[in-house]
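Presented below is the structure to which this report refers.
4 protein chains.
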Amino acid sequence: MTPDWSDNQPIYRQLKDKVVSAIMDGSLIEGEALPSVRNVAVDLQINPLTASKAYQELVMDGLVEKRRGRGMFVIEGARDRLLEAERTRFIEDEWPRVVETIRRLGFDADELLKSSLSH
Amino acid sequence: MTPDWSDNQPIYRQLKDKVVSAIMDGSLIEGEALPSVRNVAVDLQINPLTASKAYQELVMDGLVEKRRGRGMFVIEGARDRLLEAERTRFIEDEWPRVVETIRRLGFDADELLKSSLSH
Amino acid sequence: MTPDWSDNQPIYRQLKDKVVSAIMDGSLIEGEALPSVRNVAVDLQINPLTASKAYQELVMDGLVEKRRGRGMFVIEGARDRLLEAERTRFIEDEWPRVVETIRRLGFDADELLKSSLSH
Amino acid sequence: MTPDWSDNQPIYRQLKDKVVSAIMDGSLIEGEALPSVRNVAVDLQINPLTASKAYQELVMDGLVEKRRGRGMFVIEGARDRLLEAERTRFIEDEWPRVVETIRRLGFDADELLKSSLSH
DNA sequence: GTGGTCTAGACCACT
DNA sequence: GTGGTCTAGACCACA
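Chains as they are written, first to last, in the working numbering: chain A, 1 to 119; chain B, 1 to 119; chain C, 1 to 119; chain D, 1 to 119.
Here it is in structure tokens:
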């Protein structure tokens, strides 16, 4: 819950990532309001400006919209867009690199997958 | 060849990683001399101090040794140690996270294996 | 019909502008009553205070008058005054800026006007 | 040069717009370094953080790139992209609205062209 | 020298 | 109540 101060990731980015995860795993539903900048700042013991920075980036990424005087809300369709982007990123970017690493280190992709996904 | 200036990775780390890769894939052989700080700085258009910082970290990691007046040399056994460390890192750290992602995004083994063959 | 919550324009101003447009294009005739604050608030799903603020500014601008217990009414002559003000604003303010932009982007004002106004 | 404090536009946006204009009119050439955050802050008598915010948005808009430890630089091709975007915006967005206003207010082409010559 | 991040506290407009 | 903006001053990593 509370940010990891020793992490190299800036606090505002940790918060942003947490919101993104919450949208993806469904714990933050589309149309729902995010906790207010002030509340989240008190909860996480951080400066409101830091929280605000995370929220502003979410707006710029098109995942969240600001409703004047009312708060920040998860945009309709945000979850699907996130999942789709993540699937594309994984299959086109991460997985090929992982396969390359597996080969380079002399492991066997088939075997790793079977043993890891079976249970 | 030339560093990515807008990358979040610091330049000295990009250089360091390049040397490590070269040792691992055999293009830089144990006992061989690294290009001099000056040469590498000119080649990559970077500050000599930055190149020096990369080399110093390689020394601290025990992969490279400085021979006064002669230059920097890859230590005997560096490649094996790197490979061993990489194998451990991969199996204990990266692979479990990859498996988690695969599950979360709902991919299946056959699909992934097929996609990896095409690359 | 419903306000744009993510717009930078405040809601009360969006409403105010809508009333002004309605007066100018004749869909709200002089002497006619505006919809009540309560009705408009329900219709647009906005806070009654917000609707009230829009109406108050219309009163301050001398376009609308409050008749106690009866509601808000468009003032006689409002339309002419609005049109006159708009013409002045356009010719002294907007049009010179548009001409400047046209020049800067390498378009031709004469040509644009002819092709746009002919049909 | 100095920001307009009474303007509704936030300072950081005024600065950002000034840089964009400078790129478009050629007074800031591609590949050239922007004045440093600190310098611009001293020059304009604003907080460095405010200047930094303007620069960060320019990075996010893909007009400027950060080179670690060296400063911010105008990206190659920034000017063309800006001009192209501006032309599109004007023709598809602003001009149709202007034509609509011209019709609504009953101006004619000759009148407008004459008025534009005097400026 | 460069930019990045954070704090603490302030004032503002809007709903 | 909401978020937006700014200040003044601090510490950090990087080149």
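Ideal Cβ placement from N, Cα and C applies to all residues, glycine included.
Return the residue from the list 77/D, 34/D and 66/D that minimises the CA-CA distance to residue 11/B.
-> To locate residue 11/B, count along the second sequence from 1; it is residue 11. For the residues 77/D, 34/D and 66/D, the minimum Cα distance to residue 11/B belongs to 66/D.
What are the boundary residues of the beta strand (DSSP E) that includes residue 65/B?
-> The residue given as residue 65/B occupies position 65 in the second sequence. Here the beta strand (DSSP E) through residue 65/B covers 64 to 67.
Element boundaries [alpha helix (DSSP H), containing residue 21/C] | Here residue 21/C is taken as the residue at index 21 of the third sequence, counted from 1. Here the alpha helix (DSSP H) through residue 21/C covers 11 to 24.
In angstroms with no decimal places, state the Cα-to-Cα distance between residue 86/C and residue 105/C.
-> Taking the third sequence and counting its residues from 1, one reaches residue 86/C at position 86. Taking the third sequence and counting its residues from 1, one reaches residue 105/C at position 105. Distance between the alpha carbons of residue 86/C and residue 105/C is about 26 Å.
Could you tell me whether any Cβ in chain A is nearer than 9 Å to the Cβ of residue 90/B?
-> Along the second sequence, read from residue 1 onward, the residue named residue 90/B stands at position 90. With 9 Å as the cut-off, residue 90/B counts as an interface residue toward chain A.
Mind reading off the beta-carbon distance from residue 115/B to residue 95/A? Whole number of angstroms is fine, and I expect it under 8 Å.
-> For this step, residue 115/B is matched to residue 115 along the second sequence. For this step, residue 95/A is matched to residue 95 along the first sequence. Sure, about 7 Å apart at Cβ, within 8 Å.
Taking the Cβ atom as the reference point for each residue, do residue 76/B and residue 31/B lie within a distance shorter than 9 Å?
-> Numbered from its first residue, the second sequence carries residue 76/B at position 76. Numbered from its first residue, the second sequence carries residue 31/B at position 31. Taking 9 Å as the Cβ cut-off, residue 76/B and residue 31/B qualify as a contacting pair.
Drop a sphere of 10 angstroms on the beta-carbon of residue 72/D, count the other beta-carbons inside from all chains shown, and report buried for 16 or more, exposed for fewer.
-> For the purposes of this step, residue 72/D is taken as residue 72 along the fourth sequence, with counting starting at 1. Flag for residue 72/D reads buried.
Looking only at its own chain, which residues have a Cβ that is under 8 Å from the Cβ of residue 53/B, when we skip the five neighbours before and after it?
-> Within the second sequence, the letter at position 53 stands for residue 53/B. The answer, listed in chain order, is 12.
Per-residue DSSP class, three states only, for residue 90/D | Position 90 of the fourth sequence, counting from 1, holds the residue named residue 90/D. Reduced to three states, the DSSP call for residue 90/D is helix.
With residue 74/D and residue 29/D assumed to form a contact (beta carbons below 8 Å), what rounded beta-carbon distance in angstroms separates them?
-> Position 74 of the fourth sequence, counted from the first residue, corresponds to residue 74/D. Position 29 of the fourth sequence, counted from the first residue, corresponds to residue 29/D. Right, the Cβ-Cβ distance comes to about 7 Å (below 8 Å), so this counts as a contact.
At a Cβ cut of 7 Å, what residues of the region 46 to 58 of chain B count as close to chain D, listed as they run along the chain?
-> none
In its own chain, which residues sit with a C-beta less than 7 Å from the C-beta of residue 57/D, not counting the 5 before and 5 after it?
-> For the purposes of this step, residue 57/D is taken as residue 57 along the fourth sequence, with counting starting at 1. Within the same chain, residue 57/D has close Cβ partners 16.
Whose C-alpha, out of 92/D, 79/D and 68/D, is nearest the C-alpha of residue 26/D?
-> Position 26 of the fourth sequence, counted from the start, is the residue given in the question as residue 26/D. Among 92/D, 79/D and 68/D, the Cα nearest to that of residue 26/D belongs to 79/D.
Under a Cβ-count criterion, where at least 16 other Cβ atoms within 10 Å of its own Cβ denotes burial, should residue 14/C be classed as buried or exposed?
-> Numbered from 1 along the third sequence, position 14 holds the residue referred to as residue 14/C. It is buried - the Cβ of residue 14/C has at least 16 other Cβ atoms within 10 Å.
Closest Cβ-Cβ distance between residue 99/A and chain B: below 9 Å?
-> The count along the first sequence starts at 1 and reaches residue 99/A at position 99. Output row for residue 99/A: interface = yes.
Applying a beta-carbon distance threshold of less than 7 Å, which residues of chain B neighbour residue 68/D?
-> The residue given as residue 68/D occupies position 68 in the fourth sequence. In chain order: 5, 10 and 11.
Examine chain A for any beta-carbon lying closer than 9 Å to the beta-carbon of residue 80/B, and answer yes or no.
-> As a working note, residue 80/B is residue 80 in the second sequence. Not closer than 9 Å to any Cβ of chain A, the Cβ of residue 80/B fails to qualify, so no.
Chain B beta carbons: is any one of them nearer than 9 Å to that of residue 63/A?
-> Along the first sequence, read from residue 1 onward, the residue named residue 63/A stands at position 63. It does not: the Cβ of residue 63/A has no partner Cβ on chain B nearer than 9 Å.
Report the neighbours of residue 86/A on chain B: residues whose CB is nearer than 7 Å to its CB, in chain order.
-> If you number the first sequence from 1, residue 86/A lands on position 86. What residue 86/A touches in chain B: 105.
Over the uninterrupted beta strand (DSSP E) stretch that includes residue 73/D, give me the two end residues.
-> In the fourth sequence, residue 73/D corresponds to position 73, counting from 1. 71 to 74 is the span of the beta strand (DSSP E), which, as asked, contains residue 73/D.
Strand pairing of residue 33/A, partner residues [DSSP] = As a working mapping, residue 33/A is identified with position 33 in the first sequence. DSSP lists 73/A as partners of residue 33/A.
Measure the C-alpha to C-alpha separation of residue 4/B and residue 34/B and round it to an integer number of angstroms.
-> Counting from one through the second sequence, the residue named residue 4/B turns up at place 4. Counting from one through the second sequence, the residue named residue 34/B turns up at place 34. When rounded, the distance between both Cα atoms is 21 Å.
Please name the residue in 46/D, 37/D, 61/D and 97/D whose C-alpha comes closest to that of residue 70/D.
-> Looking up residue 70/D in the fourth sequence gives position 70. It is 37/D.
If you draw a straight line from the C-alpha of residue 88/A to the C-alpha of residue 102/A, how long is it?
-> Within the first sequence, residue 88/A is the residue found at index 88, counting from 1. Within the first sequence, residue 102/A is the residue found at index 102, counting from 1. Rounded to whole angstroms, residue 88/A to residue 102/A spans 20 Å at the Cα level.
Please check if any C-beta of chain D sits within less than 9 Å of the C-beta of residue 25/C.
-> As a working mapping, residue 25/C is identified with position 25 in the third sequence. Yes, its Cβ sits closer than 9 Å to a Cβ of chain D.
If we ignore side chains and look at the alpha-carbon of each, how far apart do residue 43/C and residue 43/D end up?
-> Taking the first residue of the third sequence as position 1, residue 43/C is located at position 43. Taking the first residue of the fourth sequence as position 1, residue 43/D is located at position 43. Going by the C-alpha atoms only, they are around 50 Å apart.
Cβ of residue 68/D within 9 Å of Cβ of residue 7/B?
-> One-based indexing of the fourth sequence puts residue 68/D at position 68. One-based indexing of the second sequence puts residue 7/B at position 7. Cβ atoms of residue 68/D and residue 7/B: closer than 9 Å.
For residue 116/A, the first and last residue of its enclosing alpha helix (DSSP H) = One-based indexing of the first sequence puts residue 116/A at position 116. Here the alpha helix (DSSP H) through residue 116/A covers 109 to 118.
Nearest chain A C-beta to residue 94/B closer than 9 Å, yes or no?
-> Counting from one through the second sequence, the residue named residue 94/B turns up at place 94. With 9 Å as the cut-off, residue 94/B counts as an interface residue toward chain A.
How about residue 64/B and residue 19/B: are their beta carbons less than 9 Å apart?
-> Within the second sequence, residue 64/B is the residue found at index 64, counting from 1. Within the second sequence, residue 19/B is the residue found at index 19, counting from 1. Result yes, Cβ atoms of residue 64/B and residue 19/B sit closer than 9 Å.
Beta carbon of residue 91/A nearer than 9 Å to that of residue 107/B | The count along the first sequence starts at 1 and reaches residue 91/A at position 91. The count along the second sequence starts at 1 and reaches residue 107/B at position 107. Yes; because the gap between Cβ atoms is below 9 Å, this pair is in contact.
Using the C-alpha atoms, what's the distance from residue 61/D back to residue 2/A?
-> For the purposes of this step, residue 2/A is taken as the residue at position 2 of the first sequence. For the purposes of this step, residue 61/D is taken as the residue at position 61 of the fourth sequence. Distance between the alpha carbons of residue 2/A and residue 61/D: 31 Å.
Identify the contact partners of residue 109/B in chain A, using a Cβ-Cβ distance below 7 Å as the criterion.
-> Along the second sequence, read from residue 1 onward, the residue named residue 109/B stands at position 109. Within chain A, the residues near residue 109/B are 113, 114 and 117.
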